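Down below is the structure, laid out as structure tokens.
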Amino acid sequence: MVSSPAVAETVAHATVRRLAALALRHGGSVALWRLPNAAAPVLLLSLRPLHLSGLPPSLEPTAQAGFAFYPFQDSDTAEAMLLPADAVLDLSAGQQLTLSHALPAEAAAAVQRVLHDTTAPEELPWHVSPQPLPNTADRETYEALVARGVAAIRAGEVVKVVSSRAARRPLPAGFDALGAFDALCRQHLRAFVSLVSAPQAGTWLGATPEILVEIDGSEFRTMALAGTQPITEEMTAQTAVWRQKDIEEQALVARYIVGCFKQLRLRDYDETGPRTVAAGNLLHLRTDFRVDLKRNRFPTLGTDMLRLLHPTSAVGGMPREAALSFLQRHEGYDRTYYSGFLGPVNLPTPGISRLFVNLRCMQLRPTEAILYAGTGLTSESDPSREWQETELKLRTVGSVLDA
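For the sequence shown, the working numbering begins at 886 and goes up steadily by one.
As structure tokens, then:
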């Protein structure tokens, strides 16, 4: 496995800081990400107005390149965004810089000047969220939500529902978002680690294990990821034993993906799993799906599947509309970008897109972080155990807040 060296305390870290400051000072947007098992991160700057659309992005090679940052559901409080790839610095390719042809000459020259600057990096003016602080749920409130979800399942109103909650944590003294990004890269080699800051969304940091859609011109990939238990000395990916509740939950997500293939009349796909995988301090059940695009001439498969999948049954429930209606009535807060999706589109080259579900994430505020976690419910869910599962998930990204 490829190790992921930290960006911090290197020339690359100083360059990232200066370039990010350039975009943020002028009201632009920044996306910094490290792909699973990649050697180093990629930085994207958007120095032009954002493309806002209620639809998920097109993934065809001719579509606009950028970084997608999409909410759980498009709403007045959370807009669907594609951050234009005005400047892309690939640190895994020897700090290779790519500038958009659409970028004005003055802005391109500013990026080049910053790239060759040797002055000390400045404090970064990260964007502050325009959304109000979400309601948070204590243990009693969350367990009551779970109990309502289980009752709805047993009454036949939904087959599955995914409840979630927000939690507020103070930022430690001297907290540095880039340093926290580095720490997550070291801790979660198999995750998609990201730091995104945009005027419409605020600043978000995360390390998600779940692929939503990957497409590279010759192959389409997605996964069904569900079921959760902590890693212990006795319980590892090799020795894990799963409860029936977890097996059923994961099977529902896999069947949902198969149902999306059927809607597109696609029958030629490979399904592998379920198998146990590690993600940070947790274990999950995972089934991988793959479509050979050389065998199946389906040029819009990535776009079509993205629009069918999101929001997946792994983050909302099923049937989709009934589950989303339940959450709107009972969850008690606005998820905004938690359990939405994010990732590079047509980057590093046209035809390559990798989008991930925005799990294990936090929104950064001036003095605190808002963390999010959810659990998939079935008729056998126990409210106390579901609360404990959210606690475990909050620790995945929340570890970087430990002073």
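Glycine residues also receive a C-beta, built at the ideal position from the N, C-alpha and C atoms. None of these values were measured; they are calculated from a predicted model.
Going by DSSP, name the residue or residues bridged to residue i.
i, result
"Ile1326", "The chain is shown only over 886 to 1288; residue 1326 falls outside these bounds and no answer can be derived."
"Tyr1257", "Ala1051"
"Cys1246", "Gly1091"
"Val1046", "Gly1202 and Leu1262"
"Ser1082", "Val915 and Thr1088"
"Ala1125", "In DSSP, Ala1125 forms no bridge with anything."
"Ala972", "Leu930 and Leu984"
"Pro1077", "Residue identity check: residue 1077 is Phe in the sequence provided, not Pro. For Phe1077, which the question treats as bridged, DSSP gives the partners Thr1093."
Which two residues bound the contiguous beta strand (DSSP E) that contains residue i?
i, result
"Leu834", "Residue 834 lies beyond the residue range present for the chain, which begins at 886 and ends at 1288; the question has no answer from this structure."
"Phe952", "Gly951 to Tyr955"
"Met966", "Met966 to Pro969"
"Asp1067", "Taken as a continuous stretch (DSSP letters only), Asp1067 belongs to no beta strand (DSSP E), being part of the alpha helix (DSSP H) at Ala1062 to Gln1072."
"Glu1156", "Asp1155 to Ala1164"
"Pro1229", "Phe1226 to Val1230"
"Thr1107", "Glu1104 to Pro1115"
Considering only C-alpha positions, which residue in the set the options is nearest to residue i?
i, options, result
"Ala1136", "Gly1034, Ala1086 and Thr1157", "Thr1157"
"Leu1227", "Arg903, Val901, Arg1071 and Leu968", "Leu968"
"Ser1264", "Ala1076, Gln1129, Val1143 and Thr1275", "Gln1129"
"Gly1102", "Asp1267, Arg1175, Thr1275 and Ala899", "Arg1175"
"Ile1255", "Arg1270, Tyr1218 and Ser1266", "Tyr1218"
"His1290", "Ser914, Ala925, Glu1028 and Leu929", "Here the chain has residues from 886 to 1288 only, and residue 1290 is not among them."
"Ala994", "Leu932, Pro1184, Gly1201 and Arg1039", "Leu932"
"Val1078", "Arg903, Ser1266, Leu1170 and Arg1239", "Arg1239"
"Gln1085", "Pro1017, Ala1207 and Ala970", "Pro1017"
"Glu945", "Leu1186, Trp1011, Thr1197 and Phe1060", "Leu1186"
"Phe1211", "Thr1117, Val1230, Pro1015 and Val1035", "Val1035"
Here's the rule: buried if 16 or more other CB atoms are within 10 angstroms of the residue's CB, otherwise exposed. What is residue i?
i, result
"Gly912", "exposed"
"Arg910", "exposed"
"His1001", "exposed"
"Gly1091", "buried"
"Gln981", "exposed"
"Val1126", "exposed"
"Arg1245", "buried"
"Ala1109", "buried"
"Gly1259", "buried"
"Glu1206", "exposed"
"Asp1287", "exposed"
"Gly870", "No information on residue 870 is available, as it lies outside the stretch 886 to 1288 that the chain covers here."
"Pro934", "exposed"
"Thr1252", "exposed"
Over what stretch of residues does the alpha helix (DSSP H) that includes residue i continue unbroken?
i, result
"Gln958", "Per DSSP, Gln958 belongs to no alpha helix (DSSP H) and is neither H nor E."
"Met1190", "Leu1186 to Leu1194"
"Arg1152", "Unbroken run through Arg1152: none, as it is neither H nor E."
"Ser1269", "Pro1268 to Gly1283"
Can you check whether the C-beta of residue i is within less than 8 Å of a C-beta belonging to chain D?
i, result
"Cys1246", "Absent from the structure: chain D. Only one protein chain is present."
Say the cut is 7 Å; is the CB of residue i nearer than that to a heavy atom of the ligand COA?
i, result
"Ile1255", "Of ligands this structure carries none, so the ligand COA is not represented either."
Could you give the uninterrupted runs of the alpha helix (DSSP H) lying entirely in the segment 1002–1034, keeping only those of 4 residues or more? Given a length threshold of 4 residues, the segment 1002–1034 has no whole run of the alpha helix (DSSP H) inside it.
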